[in-house]
Amino acid sequence: MKNPEIESFIKDVDRIVHDGGTEEVLTGKIAERMRHLLQADNILPSQYRQPNPKYALYPLYIADDESFSIAVAVWDVGQSTPVHDHGTWGVIGVVQGTEHEIQYAPPSNKHEELIACNDRYILQGEVVVCCSTDQDLHKVECASNDPCVGIHVYGGNIGKIERHIYDTHTGKKRVAVSHWVPVPASRQ
Numbered sequence: 020m021k022n023p024e025i026e027s028f029i030k031d032v033d034r035i036v037h038d039g040g041t042e043e044v045l046t047g048k049i050a051e052r053m054r055h056l057l058q059a060d061n062i063l064p065s066q067y068r069q070p071n072p073k074y075a076l077y078p079l080y081i082a083d084d085e086s087f088s089i090a091v092a093v094w095d096v097g098q099s100t101p102v103h104d105h106g107t108w109g110v111i112g113v114v115q116g117t118e119h120e121i122q123y124a125p126p127s128n129k130h131e132e133l134i135a136c137n138d139r140y141i142l143q144g145e146v147v148v149c150c151s152t153d154q155d156l157h158k159v160e161c162a163s164n165d166p167c168v169g170i171h172v173y174g175g176n177i178g179k180i181e182r183h184i185y186d187t188h189t190g191k192k193r194v195a196v197s198h199w200v201p202v203p204a205s206r207q
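Residue numbering for the sequence shown is 20 to 207, as defined by my numbering.
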């Protein structure tokens, strides 16, 4: 994909990640850069905005050393994720639509119902951060009449990182990997 704004964003994220620092420092710098990116028009071609029968995680860029990856996440109207964690830091910017995030408190023991502790709506142009040191446990759903599209930057190759999916009733978790969804062909 040839897009000067995206190419510049990738270079800046690469520099930020390789300059190092704590998760809070990295995510703060990347979030600031993401806010700037989201001000540009038409940053994603149409094939990256296509919904899938299940929510889609399209690879936009994966660093050669897998120190970070940039994904485009698409939720169609009515779609949501299961409750999950990330196993790494992340920066999320909404390109289109509205995302509804429901955060959960980690269970105090292995077999305890999850309790929602916060929810928020993330609007087009807004950026949020999650760190592995946070209460990084949430469910995300499309809350708009059009698909919700977001650019997600993760600390590692999110298509390979082992994460957890949680049963909200029992608190039981299982290991999962969010495999990449192939980007649909461009509609000419």
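Heads up, the beta-carbon is just placed ideally off N, CA and C, and yes, glycines get one too. Being a predicted model, the structure only gives us computed values, none of them experimental.
In the DSSP assignment, what are the bridge partners of residue 72?
According to DSSP, which records beta bridges pairwise, residue 72 is partnered with nothing at all.
With a floor of 3 residues, list each beta strand (DSSP E) that falls wholly inside the stretch 47-125, ordered by position along the chain.
Complete beta strand (DSSP E) runs here, min 3: 75-81, 88-94, 109-115 and 118-124.
Could you spell out where the beta strand (DSSP E) holding residue 192 opens and where it closes?
192-195
Determine contact between the stretch 115-126 and the stretch 136-148, defined as no fewer than three beta-carbon pairs at a distance below 8 Å.
yes
According to DSSP, is residue 30 helix, strand or coil?
helix
For residue 162, write down the residues that DSSP places opposite it in a beta bridge.
None; residue 162 has no bridge partner.
How far does the beta strand (DSSP E) with residue 137 in it extend, from its first residue to its last?
Looking at the DSSP string, the run of the beta strand (DSSP E) that includes residue 137 is 134-141.
Taking 7 Å as the limit between beta carbons, can you name the residues of its chain near residue 97, skipping five residues before and five after?
161
Three-state secondary structure (DSSP) of residue 183:
Residue state, collapsed to three classes: strand.
Helix, strand or coil for residue 177 per DSSP?
Note: residue 177 maps to coil in three-state DSSP.
Measuring alpha carbon to alpha carbon, tell me which residue in 87, 151, 197 and 69 is nearest residue 36.
87
What would DSSP say about residue 188, mapped onto helix, strand or coil?
coil
Taking 8 Å as the cut-off, does the stretch 76-94 touch the stretch 159-177 (at least 3 CB pairs, one atom from each stretch)?
yes
Count Cβ pairs between the stretch 123-131 and the stretch 61-74 that sit closer than 8 Å; are there 3 or more?
no
Taking the alpha-carbon positions, what's the residue 82 to residue 25 distance?
14 Å
Exposure of residue 73, with buried meaning 16 or more beta-carbon neighbours within 10 Å
The residue in question, residue 73, is exposed, as its Cβ has fewer than 16 Cβ neighbours within 10 Å.
Chain-order list of residues whose beta-carbon lies under 7 Å from that of residue 176 (same chain, five-residue window excluded):
81, 85 and 88
Inspect the beta-carbon positions of residue 52 and residue 31 and report whether they are closer than 8 Å.
yes
Just checking my contact of residue 199 with residue 149 at CB under 8 Å: how many whole Å lie between their CB atoms?
Not confirmed; about 20 Å, so no contact.
When you compare only the Cα positions, how much space is there between residue 152 and residue 57?
26 Å
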